[in-house]
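Read in order, the letters of the sequence shown are residues 1 to 85 in full-length UniProt numbering.
One structure is given here, and the rest of the page talks about it.
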Amino acid sequence: MINPQQVEAMIKAELPDAQIQVQDLTGGGDHYQVTVVSSQFADKGLVQQHQLVYGALRQAMSTEAIHALALKTYTPAAWEAVAAS
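Dropping the structure here:
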């Protein structure tokens, strides 16, 4: 089992500028919804953005410490547009 702070720390290790929101969907510590906002997503497609985050969480996912991950990724500009709407 893994806690939201550990998920955030793993992502921050790969994407130091990221703003991260982690929500435990079931309370069991293995199903998460994660929103990541990072300037490193600029000029990258959605799949490439998700690959960066999955790369940061590779170990936790391969050991099934994280069983399911709902992922939303945004550049800072895209996040501002979402937040303003």
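A virtual CB, placed ideally from N, CA and C, is assigned to each residue, including glycine.
Since the structure is predicted, the reported quantities are computational estimates derived from the model, not experimental observations.
- Per DSSP, reduced to three states, the secondary structure at L71 is strand.
- Considering only V22, V37, K12, the residue with the shortest C-alpha distance to L69 is V22.
- Under DSSP, the beta-bridge partners assigned to T35 are Q21, K72.
- Looking only at F41, T73, A84, V82, the smallest Cα-Cα distance to Q33 is reached by T73.
- It is roughly 9 Å from the alpha-carbon of M61 to the alpha-carbon of D30.
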